[in-house]
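Residue numbers (our numbering): 61 to 409. Note that CB positions come from ideal geometry on N, CA and C, so glycine has one too. One structure is given below, encoded as structure tokens.
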Amino acid sequence: MTLKSRPSFQGSALPRALFYLFALLIILSGLFLAYALSVYEEPPVEPAWAVGGSEYIPPGAVTVRFSGTATLLFSDGETQWMTDGWFTRPGPLRLLAGKIGPDLQAIEAGLAANKVTELAAVLPLHSHYDHAMDAPEVARRTGALLLGSESTANIGRGWNLPESQIQVLVDRQPVKLGQFVITPIESRHFEFPDPAVRERALGEPLISAPLVPPVRVFDYRVGTAYVLHVSHPKGSWLIVGSAGYVEGALRGFSADTVFLGVGGLGSQTADYMENFWRETVTAVAPARIIPIHFDSLTAPVAGPFRGQVKALTFLSSDGTLSLLRDQAAANPALRFNTLPRFEEVVLFE
Ligand SMILES: [Zn+2]
């Protein structure tokens with residue numbers, strides 16, 4: 061088709077110019093969107109905090125392997141268990157417009173990278189997709205118990221995980237796995253600053269029937285958000301999957317190490333951050349902070365760790381790194397470490 065055959069352009073330069081301008085704008089905004097969704101920020105942690113994999117694992121030591129977000133594998137050489145077990149990383153367009161479900165290849169690769177063959181349990185910290193989506197398949201492949209809220213149980217049922225492999229947690233009732241004693245403490249998810257997102261992600265919290273993927277991202281309702289207190293003869297630690305808190309909930313608990321979920325924390329008000337820190341970190345008086353859930357949800361699980369996509373930076377500022385830096389400066393005795401991906405690190409000798 062030639063321009064001559066377009067009657068509306070004949071005889072007038074202005075409409076034609078408008079047409080080209082419009083087309084250019086469409087192309088530019090497409091390019092901008094592609095850029096904003098595929099370019100990642102630096103992760104909001106200090107490179108100097110990074111520790112490498114341990115060269116020597118003393119017999120009986122408690123170790124941890126980190127797979128990004130809040131997926132942590134703990135072992136004492138006898139018992140292995142995992143939080144979340146999340147390896148599928150749907151891309152931004154699929155999250156925005158499509159349906160999601162467990163990626164079996166990604167799960168296989170993730171378990172292999174962590175050298176997992178057998179697991180006592182997999183425990184999603186809440187039921188959003190980036191915590192609970194893959195856990196039933198991880199349980200199916202490893203014989204693990206799926207431990208979590210009733211909502212997480214319904215994700216397991218939707219995946220046809222046998223009822224004998226599903227156990228619903230009770231607030232503050234410890235679960236024993238070998239020498240690990242895990243106490244689930246009901247807590248809160250962090251509040252999304254955008255009211256529309258908050259309503260979609262947290263509005264109706266329960267998954268009240270078996271959830272059969274593929275489904276939309278927010279069909280993975282939050283369920284109950286847990287903080288886990290773990291004790292073992294070698295040491296004790298706290299695992300915080302989301303930057304929410306309940307005032308006074310951790311009274312009476314202490315922990316040597318806090319695995320601190322900082323996702324979304326930097327978008328909160330200064331007051332919120334201060335309260336979160338007091339209720340979560342100060343409350344248990346740790347010697348060490350290990351930030352988790354600071355990496356992008358869409359970057360490939362194989363790494364390297366990346367921060368959030370540029371598009372999110374345009375929507376809200378991320379004050380996570382300055383908060384962590386400030387706290388590190390204010391508490392010189394508190395050690396900050398970030399874990400390598402998949403490699404085994406000694407937590408307690
Ligand atoms: Zn969440």
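Host beta strand (DSSP E) of residue i (start-end)
{"i": "Ala-285", "result": "285-292"}
{"i": "Gln-227", "result": "226-228"}
{"i": "Ser-382", "result": "No beta strand (DSSP E) contains Ser-382, which is instead part of the alpha helix (DSSP H) from 380-390."}
{"i": "Thr-123", "result": "122-126"}
{"i": "Trp-297", "result": "295-300"}
{"i": "Val-322", "result": "It is not in any beta strand (DSSP E) - Val-322 carries neither H nor E in the DSSP assignment."}
{"i": "Leu-310", "result": "First-last for Leu-310: undefined, no H or E at that position."}
{"i": "Ser-247", "result": "240-247"}
{"i": "Arg-348", "result": "348-352"}
{"i": "Val-406", "result": "405-408"}
{"i": "Phe-134", "result": "132-135"}
{"i": "Leu-394", "result": "From DSSP, Leu-394 is part of no beta strand (DSSP E); its letter is neither H nor E."}
{"i": "Val-235", "result": "235-237"}
CB of residue i within 8 Å of CB of residue j, strictly
{"i": "Thr-123", "j": "Val-406", "result": "yes"}
{"i": "Val-306", "j": "Trp-297", "result": "no"}
{"i": "Val-361", "j": "Thr-340", "result": "no"}
{"i": "Leu-185", "j": "Leu-207", "result": "no"}
{"i": "Pro-107", "j": "Asp-355", "result": "no"}
{"i": "Ala-130", "j": "Val-369", "result": "no"}
{"i": "Pro-244", "j": "Ile-160", "result": "no"}
{"i": "Gly-238", "j": "Ala-180", "result": "yes"}
{"i": "Phe-134", "j": "Gly-170", "result": "no"}
{"i": "Glu-404", "j": "Ile-117", "result": "yes"}
{"i": "Ser-302", "j": "Phe-250", "result": "yes"}
{"i": "Leu-288", "j": "Ile-350", "result": "no"}
{"i": "Leu-320", "j": "Val-111", "result": "no"}
{"i": "Ser-127", "j": "Arg-401", "result": "yes"}
{"i": "Val-176", "j": "Gln-227", "result": "no"}
{"i": "Ser-314", "j": "Ala-345", "result": "yes"}
{"i": "Gly-324", "j": "Phe-252", "result": "yes"}
{"i": "Gly-295", "j": "Leu-383", "result": "no"}
Environment of residue i [buried if 16+ CB atoms lie within 10 Å]
{"i": "Gln-233", "result": "exposed"}
{"i": "Phe-82", "result": "exposed"}
{"i": "Gly-120", "result": "exposed"}
{"i": "Val-230", "result": "exposed"}
{"i": "Arg-338", "result": "exposed"}
{"i": "Arg-311", "result": "exposed"}
{"i": "Lys-64", "result": "Reliability fails at Lys-64, whose pLDDT of 49 lies under 50, so the model's placement of it is uncertain and no value is given."}
{"i": "Tyr-80", "result": "exposed"}
{"i": "Ser-224", "result": "exposed"}
{"i": "Leu-357", "result": "buried"}
{"i": "Phe-365", "result": "buried"}
{"i": "Ala-204", "result": "buried"}
{"i": "Asp-378", "result": "buried"}
{"i": "Pro-75", "result": "exposed"}
{"i": "Glu-115", "result": "exposed"}
{"i": "Arg-125", "result": "buried"}
{"i": "Ala-393", "result": "exposed"}
{"i": "Ile-352", "result": "buried"}
{"i": "Asn-174", "result": "buried"}
{"i": "Asn-214", "result": "buried"}
{"i": "Gly-158", "result": "exposed"}
{"i": "Thr-342", "result": "exposed"}
{"i": "Glu-197", "result": "buried"}
{"i": "Thr-380", "result": "buried"}
{"i": "Ser-72", "result": "exposed"}
Continuous alpha helix (DSSP H) stretch holding residue i: start and end
{"i": "Val-257", "result": "255-262"}
{"i": "Arg-338", "result": "330-340"}
Cβ-Cβ separation, residue j to residue i (assumed contact under 8 Å), whole Å
{"i": "Glu-101", "j": "Thr-373", "result": "6 Å"}
{"i": "Arg-281", "j": "Ile-267", "result": "5 Å"}
{"i": "Tyr-189", "j": "Glu-246", "result": "Not confirmed; about 21 Å, so no contact."}
{"i": "Trp-109", "j": "Asn-397", "result": "6 Å"}
{"i": "Arg-154", "j": "Ala-359", "result": "Going by Cβ atoms, the distance from Arg-154 to Ala-359 rounds to 14 Å, so no, they are not a contact pair."}
Whole alpha helix (DSSP H) elements within the region 86-113, 4-residue minimum:
none
What are the start and end residues of each continuous alpha helix (DSSP H) run of 4 or more residues lying completely inside the region 140-210, in chain order?
152-157, 164-173, 189-192 and 195-202
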